[in-house]
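Peer 1: First to last, the protein sequences are chains A and B. Quick note, the first sequence lines up with residues 0 to 490 if you use numbering that gives the first Met the number 0. Quick note, the second sequence lines up with residues 0 to 565 if you use numbering that gives the first Met the number 0. Backbone N, C-alpha and C define an ideal beta-carbon position, used for all residues, glycine too. Have a look at this one.
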Amino acid sequence: MLSHLPILQVILPLLAAPSCLILGRPALAWGFSFATSAAAMLISMLLLQQVWLEGPISYFLGGWEAPWGIEYCIDLLNAFLLLIVSSLSTVVLAGTRQSVAAEVEPNKQTLFYVSWLLCLAGLLGILATGDAFNVFVFLEVSSLSTYTLISLGRDRKALWASYQYLIVGTIGATFILIGIGLMYMMTGTLNMQDLAQRLPVVADTRTVFAAYAFVIVGVCLKLALFPLHLWLPNAYAYAPSAVTAFLAATATKVAVYLLIRFSFTVFGADFGAMDIPLHQLFIALGLIAVFSASLVAILQIDIKRAIAYSSVAQIGYMIIGLGLGSAAGLQATLLHLFNHALMKGALFMSLAAVALRMGSTRLDDLAGLSQRMPLTAMAFVLGGLSLIGVPLTVGFISKWYLVIATLEMGMWPVAVLILVGSLLAVMYIWRVVEVMYFRDPPASSQVSEAPVSVLLPLWLLVVANIYFGIDTALPVSVTADAAQALLGWGK
Amino acid sequence: MANDWLMNPALLMMLAGLLAIRLPTKLLGPLAVVTPTLGLLMLCQLPNGEQGIVSLYGLTLTTLRVDGLSFVWAVIFHIAAILAGLYAWHVKDRMQQSAALVYAGAAIGAVLAGDLLTLFLYWELTAISSVLLIWANRTARAYTVGLRYLVIQVISGLLLMAGAIVHYQATGSLAFDHLGLDSPGGWIIFLAFGIKCAFPLLHNWLQDAYPEATATGTVVLSAFTTKLAVYALARGFAGEDILITIGAVMTAFPIFFAVIENDLRRVLSYSLNNQLGFMVVGVGLGTELALNGAAAHAFAHILYKALLFMSMGAVLLRVGTVKASELGGLYKSMPWTTLFCIIGGMSISAFPLFSGFVTKSMILTAAAAEHQWLVWTVLLFASAGVLDHSGIKVPFFSFFYHDAGHRVKEAPWNMLLAMGVTAFLCIAIGVWPEPLYAILPFPVDYKPYTSYHIITQLQLLMFAALAFCVLIRKGWYPEEIRSTNLDFDWVYRRLLPAVVKKLLAWMWRLDSAVRAVAMKAVHAVIEKVAQSHGPGGVMSRNLSTGTMVSWLSVFLALYLFFSFYW
């Protein structure tokens, strides 16, 4: 049983999805999805523990040996991400029942949970597999279900946003497929480790260059790197609140994982940097993303949309870490993956609670919210403080490691810009705080605090934001080892 | 034990403080008494040694250290918190009750802190929580005084932080043990402690702020901040000679101010300053007897000073003022308060059989044993002065002298009970000092009641009393009039600002001109950004799918171009 954990991790939600359809009733479907997600979280915990103690796990699907059969390969990096994705899915799912009941049409609620499980299965599959083509398959599974989830949003524009994302996302996925095809053409293998061994032999061919370019551009689209981020704000703003919380905390993280996996494991750490100024490009685009997206976030009228733009900015920080190309930079990126999942989860969850009670997340409608929904407002503030990077929150930890990593490379202007970027975060969080705390609520409003079932998971995330901001042992040690392993393996 | 840092009485107190914000007002009084009692029990259960190790950002913090020195202070802080809680039983103000609990908790935490970072956190917390006791008066004057107080306290905290960093850079250790004055870090920390301990010229915040707190708030304030500073000095700078000089000056100079001051709570603040001097001298001497003396004196002092402030608080509550010029003859309406005030006065003046006698004499004896005769003489003079301004002046002008005609009710039962218990403790320590001696940091081999010692002390007291009588009879004693007495703070509250204001006036003009230009430029930039990034701007507009795809292709094209032709 324990030796089959890698496949169970993926197959469980994948099989649960159609079973969920049979259940029919939304409440049952929710309970079933939650249980499935919780089981997936348990499996990912066991996997992380196993990898931590015994080193990477190789699992051969159906017993077929590696280059011929499909291999699932769990090392510290993806075990860590599996845990992030499955636990965030579980926590967010725990608080979504009422939110979904309020925002999704009754006859589509069961479908909602089916898509959720499919999306979860796709994301976990991308992470678990060690096979390049398998990555594409799971990417499509997760993407298609994501389009469905987004289109279930209350606003009619959700359909349009989802359609737009579908077009662009499909092109991105196609790019990845083309890249994988080109690699297969040159090496005759789809197994990642096998690719890693065979690519260097043919590294100087245009086909491999093109393969690299296609894969990187495709992945960059999926992770919403500036200027390929244009699909993200609409998709996040119009999707049902629960979906936004889930996607913001997991989907882009998985895309960043793919970028790391392809550029460090498959092509090797030096490949991109050798021929093109990829690192400088990443740092430049990351900085532009931080500034541009933060500025847009400051001026947004709808807070959900503002926080969506902030996601683009935060991805900028992750890309800067990657662009540094050092172990410390990579570690900063991995830390921010984890920490950003926590803070964005908390922020979007609190917005989901607001949407549930107020029916809107427009700034003007939040006036005096602290008097009506004190716990939700406080959760938003704490999540926001974490986003800004205030000490004793996780946000501080990631900023700290990122700044240290840039200073290590002697790039102090970048470090200064990162810190200035944090000031922009202060501005868009403060706007909300000011409206929530220092304006009187409209006299007519009869809004009450969000239900306990929403508050509980929300505050769990908030507490995690603070806990991992103080006791950093788990994320720091895991990411440090993962970063070392990636750079070592690449060479 | 992994989580033994949770077993900290300070955390218990602070938790109760947070609880007090939401509790029904009826339960505030019981909470303020029960919590420190539980804390005291908890403290007694703690084993000796360093515990509560917490790792934070790679630093190892010792949040809980119980040894001889910290134990005495922790015990008396708890007792003071219990008594203050009882005294303030009737107060329905959540802010005051909560602040008092957090403040006491922070002071206890600071005393139990084993490293400089933990100390710093609690140090700042005492500042922030205690200022609420001043602001609780909710007057404009209390607000400005509180701000001044807060600024100075926070500066002390920042100095402590800075000193800790310098010290850490130099030695690689954050442990809060003997620091000494032979490094820059030590000096900065010394200054931080000195501010809180109200060293001469750094003392004005004390007399400025304490008389402005609420009737019950001053009792709380008088117990913790300065004694915490004495503890910190005893821990970090025991035996530094400079402390002897500082302490001796501290005992002597406040006497003059105390004699001419009209506000009786301010008189007590000056005498608080003077009593601190005794402890600082004890710390400076640094011998086992002297340190025992400092600890014992802090213990006794917290009690009788609290008792005096309590009696003045009761007067303030009933009469509405504690100006000597407007009081007098209150013994008829407040007999019990009068009695307790006199007991406090006799304790602070160190009458035999009262607590001051058995503790202060330890410091004097220690000074004599070190052959510090000049210091000894100053301390003796100061002892006589204490009798004049605290032992006689405070009870005399408020409860006797000219009858000012106030006919008021006796203090409420809880205040009387708190004063009664405190008075009992003052006498109990004086009569039976052995239990106090038993918990002092070092083994005690000291007998306060020798005939020589009793006779000298009585002689001293009698002559001091005689002097007071003669001065009053002859009409030479400074009349109690409403006046503002200029202390050293005039220099930085009036003179310096005036000079600086002149200097800065033309700089401001220059500055505003420069700023106007800069602001114009900034506005222009913000306008531009708002145009491009605001709703509907280029950067946040909803773009067509085609635009997105074209960006995608541009990106890919650039990428391919670079990889082929770089």
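1. Assuming Cys19 (chain A) and Leu123 (chain A) form a contact by the criterion Cβ under 8 Å, report the distance between their Cβ atoms to the nearest whole angstrom.
2. Given that Gly533 (chain B) touches chain A, what residues does it touch there, using C-beta distances under 7 Å?
3. In chain B, which residues lie less than 9 Å from Tyr211 (chain A) when you measure between Cβ atoms?
4. In terms of residues, what are the limits of the alpha helix (DSSP H) holding Tyr466 (chain A)?
5. Under 8 Å: do the stretch 23-34 of chain B and the stretch 83-99 of chain B share three or more Cβ pairs, one atom per stretch?
6. Figure out for me which residue from A:Arg371, A:Leu362, A:Asn106 has the closest Cα to the Cα of Arg356 (chain A).
7. Compare the C-beta of Phe554 (chain B) with all C-beta atoms of chain A and state if any pair is closer than 8 Å.
8. Using a threshold of 8 Å, state whether the C-beta atoms of Ala376 (chain A) and Ser369 (chain A) are closer than that.
9. Starting from the beta carbon of Asn541 (chain B), find every residue of chain A whose beta carbon is closer than 7 Å, and list them in chain order.
10. My assumption, with CB atoms under 8 Å, is that Gly285 (chain B) sits in contact with Ala237 (chain B). Please give the rounded CB distance.
11. Does the count of Cβ pairs from the stretch 335-351 of chain A and the stretch 383-398 of chain A closer than 8 Å reach three?
12. Indicate whether at least one CB of chain A lies closer than 8 Å to the CB of Met461 (chain B).
13. Measuring CA to CA, which of A:Ala15, A:Glu104, A:Pro441, A:Arg153 is closest to Ala366 (chain A)?
14. Does the beta-carbon distance from Ala383 (chain B) to Ala463 (chain B) come in below 8 Å?
15. Report the residue ranges of all beta strand (DSSP E) runs contained in full by the stretch 250-300 of chain B; include only those spanning at least 3 residues, in chain order.
16. Output, in chain order, the set of chain B residues within a Cβ distance shorter than 7 Å of Arg205 (chain A).
17. Which bits of chain A does Met418 (chain B) rub up against, with CB to CB less than 7 Å?
18. In terms of alpha-carbon separation, which member of B:Gly145, B:Leu220, B:Leu58 lies closest to Thr117 (chain B)?
19. Within this structure, are the beta carbons of Leu306 (chain B) and Met418 (chain B) separated by less than 8 Å?
20. Taking only three categories from DSSP, how would you classify Phe59 (chain A)?
21. Tell me which residue opens and which closes the alpha helix (DSSP H) that Thr59 (chain B) is part of.
22. CB-CB under 6 Å to Leu158 (chain A), same chain, minus the five flanking residues each way: which ones, in chain order?
23. Considering only the alpha carbon of each residue, which of A:Tyr162, A:Gly344, A:Leu381, A:Thr478 lies closest to Val84 (chain A)?
24. Use the C-beta contact count for Ala26 (chain A): other C-beta atoms within 10 angstroms, 16 or more gives buried, fewer gives exposed.
25. Specify whether the stretch 223-238 of chain B and the stretch 169-182 of chain B touch according to this definition: at least 3 beta carbon pairs, one from each stretch, less than 8 Å apart.
26. Any chance the stretch 178-198 of chain B sits against the stretch 58-72 of chain B, with 3 or more Cβ pairs inside 8 Å?
27. Could you check the C-alpha separation between Glu64 (chain A) and Gln8 (chain A) for me, to the nearest Å?
28. Count the other CB atoms within 10 Å of the CB of Met492 (chain A); is the residue buried (16 or more) or exposed (fewer)?
29. Let's test the definition: count the other Cβ atoms within 10 Å of the Cβ of Asn190 (chain A) and tell me whether it reaches 16, buried, or not, exposed.
30. Should Val548 (chain B) be flagged as near chain A, meaning a C-beta pair shorter than 8 Å?
31. Mark Gly533 (chain B) as exposed unless 16 or more other C-beta atoms lie within 10 angstroms of its C-beta, in which case mark it buried.
32. Indicate whether the contact test is met: 3 or more Cβ pairs, each with one atom in the stretch 66-76 of chain B and one in the stretch 139-158 of chain B, closer than 8 Å.
33. Please confirm whether Pro226 (chain A) has its beta-carbon closer than 8 Å to some beta-carbon of chain B.
34. Give the DSSP bridge partners of Ser43 (chain A), in chain order.
35. Using only the alpha-carbon positions, how far apart do Trp72 (chain B) and Ala323 (chain B) sit?
36. Check whether the Cβ atoms of Ser114 (chain A) and Thr89 (chain A) lie closer than 8 Å to each other.
Peer 2: Well, looking at it:
1. The residue given as residue 19 (chain A) occupies position 20 in the first sequence. The residue given as residue 123 (chain A) occupies position 124 in the first sequence. So it is not a contact: roughly 16 Å between Cβ atoms.
2. Against the second sequence, residue 533 (chain B) aligns to sequence position 534. Simply Leu298.
3. Translated into the one-based positions of the first sequence, residue 211 (chain A) becomes position 212. Neighbours of Tyr211 (chain A) on chain B, chain order: Tyr558, Ser562.
4. For the purposes of this step, residue 466 (chain A) is taken as the residue at position 467 of the first sequence. 451-469 is the span of the alpha helix (DSSP H), which, as asked, contains Tyr466 (chain A).
5. yes
6. Here residue 356 (chain A) refers to the residue found at position 357 of the first sequence. Minimum Cα distance to Arg356 (chain A) is reached at A:Arg371.
7. Position 555 of the second sequence, counted from the first residue, corresponds to residue 554 (chain B). Output row for Phe554 (chain B): interface = yes.
8. On the first sequence, residue 376 (chain A) is found 377 positions in, with the first residue counted as 1. On the first sequence, residue 369 (chain A) is found 370 positions in, with the first residue counted as 1. Closer than 8 Å, so yes.
9. Locating residue 541 (chain B) in the second sequence gives position 542, counting from the first residue. The contacting residues are Asn233.
10. Taking the second sequence and counting its residues from 1, the one referred to as residue 285 (chain B) is at position 286. Taking the second sequence and counting its residues from 1, the one referred to as residue 237 (chain B) is at position 238. Rounded, the Cβ-Cβ distance is 5 Å, consistent with contact.
11. yes
12. For this step, residue 461 (chain B) is matched to residue 462 along the second sequence. No, Met461 (chain B) lies away from the interface with chain A (no Cβ there is under 8 Å from its Cβ).
13. One-based indexing of the first sequence puts residue 366 (chain A) at position 367. Comparing Cα-Cα distances from Ala366 (chain A) to each of A:Ala15, A:Glu104, A:Pro441, A:Arg153, the minimum goes to A:Pro441.
14. Locating residue 383 (chain B) in the second sequence gives position 384, where the first residue counts as 1. Locating residue 463 (chain B) in the second sequence gives position 464, where the first residue counts as 1. For Ala383 (chain B) and Ala463 (chain B), yes; Cβs fall inside 8 Å.
15. none
16. As a first step, residue 205 (chain A) must be located in the first sequence, where it is residue number 206. Per Cβ cutoff of 7 Å: Phe563.
17. Counted from its first residue, the second sequence places residue 418 (chain B) at position 419. Those within 7 Å of Met418 (chain B) in chain A number zero; the least Cβ separation is about 41 Å.
18. Locating residue 117 (chain B) in the second sequence gives position 118, where the first residue counts as 1. The option with the nearest alpha carbon to Thr117 (chain B) is B:Leu58.
19. Position 307 of the second sequence, counting from 1, holds the residue named residue 306 (chain B). Position 419 of the second sequence, counting from 1, holds the residue named residue 418 (chain B). Yes, these two residues count as a Cβ contact at 8 Å.
20. Your numbering for residue 59 (chain A) matches position 60 in the first sequence. Strand at Phe59 (chain A).
21. Numbered from its first residue, the second sequence carries residue 59 (chain B) at position 60. Taken as a continuous stretch (DSSP letters only), Thr59 (chain B) belongs to no alpha helix (DSSP H), being part of the beta strand (DSSP E) at 58-65.
22. If you number the first sequence from 1, residue 158 (chain A) lands on position 159. Excluding residues within five positions, the ones whose Cβ falls inside 6 Å are Ser150.
23. Within the first sequence, the letter at position 85 stands for residue 84 (chain A). Closest option to Val84 (chain A), Cα to Cα, is A:Gly344.
24. For the purposes of this step, residue 26 (chain A) is taken as the residue at position 27 of the first sequence. Looking at its Cβ environment, which holds fewer than 16 other Cβ atoms inside 10 Å, Ala26 (chain A) is exposed.
25. yes
26. no
27. Position 65 of the first sequence, counted from the first residue, corresponds to residue 64 (chain A). Position 9 of the first sequence, counted from the first residue, corresponds to residue 8 (chain A). In a straight line, the C-alpha of Glu64 (chain A) is about 20 Å away from that of Gln8 (chain A).
28. This structure gives no information on residue 492 (chain A), because the portion of chain A shown stretches from 0 to 490.
29. Against the first sequence, residue 190 (chain A) aligns to sequence position 191. It counts as buried.
30. Here residue 548 (chain B) refers to the residue found at position 549 of the second sequence. Closer than 8 Å: yes.
31. By one-based count along the second sequence, residue 533 (chain B) stands at place 534. So Gly533 (chain B) ends up on the buried side.
32. no
33. Counted from its first residue, the first sequence places residue 226 (chain A) at position 227. It does: the Cβ of Pro226 (chain A) has a partner Cβ on chain B nearer than 8 Å.
34. The residue labelled residue 43 (chain A) in the question sits at position 44 within the first sequence. Answer is none; Ser43 (chain A) lacks a bridge partner.
35. Taking the second sequence and counting its residues from 1, the one referred to as residue 72 (chain B) is at position 73. Taking the second sequence and counting its residues from 1, the one referred to as residue 323 (chain B) is at position 324. In a straight line, the C-alpha of Trp72 (chain B) is about 33 Å away from that of Ala323 (chain B).
36. Looking up residue 114 (chain A) in the first sequence gives position 115. Looking up residue 89 (chain A) in the first sequence gives position 90. Going by C-beta atoms, Ser114 (chain A) is not nearer than 8 Å to Thr89 (chain A).
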